[in-house]
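Before any comments, here is the structure.
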Amino acid sequence: MFEAYLAILKRDLILAVRRRSDVFTTLFFFVIVVSLFPLGIGPELKTLRLIAPGVVWVAALLASMLALERLFAVDYADGTLEQMLLAPQPLSVLVLGKVTAHWLITGLPLVLMAPLLGLQYDLSIEALKVLLISLLLGTPALSLIGAIGAALTLGLRGGGVLVSLLVLPLCIPVLIFGAGAVEASVSGLGEVGHLYMLGAIVLLALLLAPLATSAALRVSAE
Amino acid sequence: MNSRLINWFKFSSPASFYPLAGKMVPVFTLIAVMLIGVGLYMSFFVAPTDYKQGEGYRIIFVHVPAAWLSMFIYLVMAFWAALGLVFNTRLSGMMASSLAPTGAMFTFIALWTGAFWGKPMWGTWWVWDARLTSELILLFLYLGFIALQGAIDDSRRSDRAGALLILVGVVNIPIIHYSVKWWNTLHQGASVSVTQGSSMSSIMLWTMLIMALGFWAYAIAVALSRVRSIILERERDTTWVSELAEVRR
Chain P
87 MFEAYLAILK
97 RDLILAVRRR
107 SDVFTTLFFF
117 VIVVSLFPLG
127 IGPELKTLRL
137 IAPGVVWVAA
147 LLASMLALER
157 LFAVDYADGT
167 LEQMLLAPQP
177 LSVLVLGKVT
187 AHWLITGLPL
197 VLMAPLLGLQ
207 YDLSIEALKV
217 LLISLLLGTP
227 ALSLIGAIGA
237 ALTLGLRGGG
247 VLVSLLVLPL
257 CIPVLIFGAG
267 AVEASVSGLG
277 EVGHLYMLGA
287 IVLLALLLAP
297 LATSAALRVS
307 AE
Chain U
87 MNSRLINWFK
97 FSSPASFYPL
107 AGKMVPVFTL
117 IAVMLIGVGL
127 YMSFFVAPTD
137 YKQGEGYRII
147 FVHVPAAWLS
157 MFIYLVMAFW
167 AALGLVFNTR
177 LSGMMASSLA
187 PTGAMFTFIA
197 LWTGAFWGKP
207 MWGTWWVWDA
217 RLTSELILLF
227 LYLGFIALQG
237 AIDDSRRSDR
247 AGALLILVGV
257 VNIPIIHYSV
267 KWWNTLHQGA
277 SVSVTQGSSM
287 SSIMLWTMLI
297 MALGFWAYAI
307 AVALSRVRSI
317 ILERERDTTW
327 VSELAEVRR
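Heads up: the sequence lines are chains P and U, in that order. Residue 308, in my numbering, is where the first sequence stops; the numbers in between run on with no holes. Residue 335, in my numbering, is where the second sequence stops; the numbers in between run on with no holes.
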């Protein structure tokens, strides 16, 4: 079972390395969205420091939505997905492998890029650390929850917009606690509580999201 | 052993549910019209003017029942969704999709009347209060469900996909509710919490209950007549539909 997980993970990573442009599209989207806010709001550092956690988190949320559409679409198009549905291993394990790979490809670069963008917003080193940890905890949850939406909208017309409509409301808790952790740290309230909540959400998503995703895949690929 | 008086599964077939729903719709319409009529009369003429909030508080008689219904309908939809996934009945999916527009409408009414209430009472149309935000997210969940069902042509797939989405949403609703609540209280003082529960007179409470029951009957009537249309649309190729009196005409 674990071998199947590793095999899927390895396969998806190799595919991503062969097609690097997909990785960079998401990352640049994230960078551009974050960079747009100072242009729209004005370069005042005091304001920027205030909105930085929210801006980075919303941008991360949108960037992860952007990448979701491709999560199952290619496999669905070339028939690999049907083989996965027929495989003797539990589908949720395979889904977990795909989601892990998806997070490593689109989520992790975004997390690593975030402190650099935080510097542009004049966040303190302490706040940057919390931002990094909160994104590290939160983006896997975004990928996991997003996978449900991606599976539900598989092969539908206008799937990309639809998946955002379905998934964004469900991701609100992640956004609130993620951005809240950084804000709490900046205002001196202590970020631990928020990070614990994020951790709880990730664990819950890890438990339930692969099951819901595999059920949705079975519905979509029928 | 099996001594049930009514065989409930008989009505899980669209062919036998369709006439039953047809008989229930006028009954619930009548109940709804009567209760909402009485409730509106009581809310405008019987309920006393609030000494603190003046006449404007009368919005509560529409606002609170609509908010209750908006949440209750989502739970009912989740019930039908679970039933449909477990027993694989066609009617459950139809019930869930027939309830969704009504639920979305009540959510919208709750938000809209809330804005009208908020302007004179709090001096603003909208605040990012925990309740308002959760209600707004509930509206998004309804709209997402309707959009998903609209995008799928195959009715069997749309029922099952919609059911999954509702169930995921039900798991998420408590999380959303509490996250929004904590998010709000952490950063903003309790400046906007209206505590009217204890100070409410019994006549106001009764008016609100009557309105809530009226809205409830309305929701049932509308959902049932909508499900009749859905049944006709989906079963249009079957013999029993072609033998119906209203179809033959």
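Every residue, glycine too, gets a C-beta built ideally from N, C-alpha and C.
Per the coordinates, the alpha-carbon of Val247 of chain P lies some 49 Å from the alpha-carbon of Pro134 of chain U.
Bounds of the alpha helix (DSSP H) holding Ile118 of chain P are 106 to 127. If you draw a 10 Å sphere on the C-beta of Leu261 of chain P, you find 16 or more other C-beta atoms in it, and that means buried. Closest by C-alpha distance to Gly204 of chain P, out of P:Gly140, P:Ala163, P:Leu297, is P:Gly140.
Distances from the CA of Trp198 of chain U to each of U:Ser178, U:Thr219, U:Ala186, U:Met181 were compared; the closest alpha carbon is that of U:Thr219.
Annotation for Leu225 of chain U: Ala190, Thr193, Phe194, Leu197 place their beta carbon closer than 7 Å to its own, counting only its chain and skipping 5 residues before and after. When Cβ-Cβ separations below 8 Å define contact, Leu250 of chain U makes contact with chain P. Residues of the stretch 183 to 197 of chain P with a Cβ closer than 9 Å to any Cβ of chain U: none. Of U:Glu221, U:Ser265, U:Phe158, U:Ser328, the smallest CA-CA separation from Ile306 of chain U is found for U:Phe158. Three or more beta-carbon pairs separated by less than 8 Å link the stretch 88 to 104 of chain P to the stretch 173 to 184 of chain P, which places the two stretches in contact. Leu99 of chain P is positioned such that its CB atom lies no closer than 8 Å to that of Leu194 of chain P. DSSP, read as helix, strand or coil, puts Asp215 of chain U in coil.
Contact annotation, Val288 of chain P with Leu223 of chain P: C-beta distance approximately 6 Å; criterion of less than 8 Å satisfied. Going by DSSP, Ser210 of chain P is part of no alpha helix (DSSP H) at all; its letter is neither H nor E. Trp143 of chain P counts as buried, since no fewer than 16 other beta carbons sit within 10 angstroms of its beta carbon. Residue burial annotation: Ala163 of chain P is exposed, with fewer than 16 other C-beta atoms found within 10 angstroms of its C-beta. Counting along the chain, Pro296 of chain P sits inside the alpha helix (DSSP H) bounded by residues 278 to 306. A residue is called buried when at least 16 other Cβ atoms come within 10 angstroms of its Cβ; Thr210 of chain U does not meet this threshold and is exposed. As computed with DSSP, Gly140 of chain U is found in a beta bridge with U:Asp136. Excluding its 5 nearest sequence neighbours in each direction, Leu229 of chain U has C-beta neighbours in its own chain below 7 Å: Ala190, listed in chain order. Only those residues of the stretch 259 to 284 of chain P whose C-beta falls short of 8 Å from the nearest C-beta of chain U are listed: Pro259, Ile262, Phe263, Gly266, Glu269, Ala270, Leu275, Met283.
For Leu152 of chain P, same chain residues with a beta-carbon under 7 Å away, outside a window of 5 residues either side, are Thr112, Phe115 in chain order. Assignment of Gln169 of chain P by DSSP, reduced to helix, strand and coil, places it in the helix class. Proximity of chain U to Pro255 of chain P at the Cβ level (cut-off 7 Å) is accounted for by Ile223, Phe226, Leu227, Gly230, in chain order. In the structure shown, Thr210 of chain U adopts coil according to DSSP, grouped into three states. With a threshold of 8 Å between beta carbons, Glu89 of chain P makes no contact with chain U. Unbroken alpha helix (DSSP H) stretches of 4 residues or longer found wholly inside the stretch 138 to 177 of chain U: 146 to 173, given in chain order.
Cβ neighbours of Leu209 of chain P within its own chain (closer than 6 Å, five residues either side excluded): Ala138. Within the stretch 214 to 259 of chain U, no complete beta strand (DSSP E) segment of 3 residues or longer occurs. Residue burial annotation: Phe110 of chain P is exposed, with fewer than 16 other C-beta atoms found within 10 angstroms of its C-beta. Annotated as proximal: Ser184 of chain U and Ala309 of chain U, with beta-carbon spacing under 8 Å.
By the Cβ rule, the stretch 258 to 269 of chain U counts as touching the stretch 262 to 277 of chain P, because three or more pairs are nearer than 8 Å. Residues of the stretch 231 to 246 of chain U that bring their beta carbon within less than 7 Å of a beta carbon in chain P comprise Ala233, Leu234, Ala237, Ile238, Arg243, Arg246, in sequence order.
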